[in-house]
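First comes the structure, then the notes that go with it.
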Amino acid sequence: MPVRVAVIPAAGLGTRFLPATKVVPKELLPVFDTPSLQHTVDEAIGAGIEHIILISNRAKPAIEVFAEEASGGARITVVYQDSPRGLGHAVECARELVGDAPFAVLLPDELMGDSSHLKDLVAEYEATGKAAIGLKRVPRNEVTAYGCVTPQGVPDANGRVGIRDVVEKPNAVDAPSDLVIIGRYVFGRDVFGFLATLKPAAGGELQLSDAIGNMARTGKVNGVLISCTRHDTGTPMGMLTASIDAALKRRDVGPQLRAWLETRLKGEQT
Ligand code: UTP
Numbered sequence: 655m656p657v658r659v660a661v662i663p664a665a666g667l668g669t670r671f672l673p674a675t676k677v678v679p680k681e682l683l684p685v686f687d688t689p690s691l692q693h694t695v696d697e698a699i700g701a702g703i704e705h706i707i708l709i710s711n712r713a714k715p716a717i718e719v720f721a722e723e724a725s726g727g728a729r730i731t732v733v734y735q736d737s738p739r740g741l742g743h744a745v746e747c748a749r750e751l752v753g754d755a756p757f758a759v760l761l762p763d764e765l766m767g768d769s770s771h772l773k774d775l776v777a778e779y780e781a782t783g784k785a786a787i788g789l790k791r792v793p794r795n796e797v798t799a800y801g802c803v804t805p806q807g808v809p810d811a812n813g814r815v816g817i818r819d820v821v822e823k824p825n826a827v828d829a830p831s832d833l834v835i836i837g838r839y840v841f842g843r844d845v846f847g848f849l850a851t852l853k854p855a856a857g858g859e860l861q862l863s864d865a866i867g868n869m870a871r872t873g874k875v876n877g878v879l880i881s882c883t884r885h886d887t888g889t890p891m892g893m894l895t896a897s898i899d900a901a902l903k904r905r906d907v908g909p910q911l912r913a914w915l916e917t918r919l920k921g922e923q924t
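Numbering (the working numbering), first residue to last: 655 to 924.
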C-alpha cells in the first residue's frame, strides 16, 4: 500500500524555547520568515503525502489556525493529545484516523533540506513492508543525546541497514554504534501494537524509541542513513543556524545577509 498519510506530533511544551513558547508554539516559530511547521508540511507533500494528521494540545490553539491556513494542498486534520505524555503516546493518538494505512512520522523540530530522505524511507517501506527509520552517523561523544541503534552489519552503498535493537541515550563507551535515530520514520499499522504495550520510561514518558526497539527485536525495522542537510531546530541555537542557512540560500536576501555577516565578523559595527 503506498504511503499517503503523515503524522506530525506538535503537542509538546517547548520548554527549551521559554519564554517565547509562553505565547507562540515552538512549531510555529519562524525559520527566517516561514513557520517551521510549514517546512515540515512542505517536506511531507514533496514525498507524496496527501493527508497530514497534526497532533496538538488544547493549550496551543494557534496550531489549529495554522492547520486551516497552511498552504501546499494536503488535507490537514488536528487530533488532540490530552497531555504531553511522550512521543510514543503522541503517535498513538493518531491510531483511529490512520486506520490500516502505512504512515510517515515527521518531528517538526528537525528541518530537512528537502524531501529526499522521506522519499527514501517511503521507498524502503514500500519495498520491504518493514518499518523504515531515519539514521544519522554522529561522533561517539554525541550518541548520548539520541536513541542509538544496534545495526545488522554495516549500511550498504545506499545507506540501508537492518536494525536489531535501540538503546536510548547510551554512554559513549557502551553505545552499540555511532548510528542514531533522527525524527523521520515510516511505519505500518503493526507499530500500534508495540505502542499500546509501552511502559513509561525514566522520566515517565511513553517513548517512541522504546516501541521501535521492541519492534526491531522481532526483525521488523530497517534504517536508512540521511543524505540531505538537517538542522535540529528543537534548540534556540539550532533554530538560529537554520534561519541563517535558509536566508543565505535565498536570492532576495542571501547576498545582503552574507555581506552583513562578513562585516560583523570582522568586528566592525553595522
Ligand atoms: P520534543 O521533546 O523535542 O518537544 O518532542 P518538546 O517536549 O515540546 O520540547 P522541550 O524539550 O520541552 O523543549 C519532539 C516533537 O514531538 C512533540 C513536540 O511537540 C515536538 O514537535 N511531542 C512531544 C508531542 O506531540 N507530544 C509529546 O508528549 C511529546
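Positions of the beta carbon are idealized from the N, C-alpha and C atoms, including for glycine.
Pick helix, strand or coil for residue i, following the three-state DSSP scheme.
i      : result
ASN876 : strand
ASP810 : coil
ARG838 : strand
ILE703 : coil
LEU833 : strand
GLU822 : strand
GLY816 : strand
PRO805 : strand
ALA660 : strand
ALA665 : coil
GLU916 : helix
GLY908 : helix
ASP899 : helix
MET655 : coil
CB residue i to CB residue j, shorter than 9 Å?
i      : j      : result
ILE662 : LEU691 : yes
GLY742 : LEU852 : yes
ARG739 : GLU922 : no
ARG794 : ALA755 : no
LEU761 : ARG814 : no
ILE836 : ARG884 : yes
ALA665 : CYS747 : yes
ILE709 : ALA721 : no
GLY783 : LEU775 : no
ALA829 : LEU849 : no
Check whether the Cβ of residue i lies closer than 9 Å to any Cβ atom in chain C.
i      : result
THR895 : Among the chains in the structure shown there is no chain C, since it carries only a single protein chain.
Exercise for the section: Check whether the region 806-817 touches the region 887-901, taking contact to mean three or more Cβ pairs, one atom from each stretch, closer than 8 Å. Expected result: no
Handout entry: In chain order, each beta strand (DSSP E) run of at least 3 residues that lies wholly inside the region 846-891
Key = 875-879 and 884-886
Handout entry: alpha helix (DSSP H) runs wholly inside the region 728-802, at least 4 long, in chain order
Key = 741-746, 749-752 and 770-782
Handout entry: Every unbroken beta strand (DSSP E) inside the region 671-727 [3 residues or more]
Key = 705-710
Exercise for the section: Evaluate contact between the region 697-706 and the region 667-687, counting only Cβ atoms and requiring at least three cross-stretch pairs below 8 Å. Expected result: no
Problem - Inter-stretch contact (C-beta, 8 Å, three-pair minimum) for the region 714-733 and the region 672-680 - result: yes
Exercise for the section: Take every Cβ of the region 765-783, pair it with every Cβ of the region 859-869, and state whether three or more of those distances are shorter than 8 Å. Expected result: no
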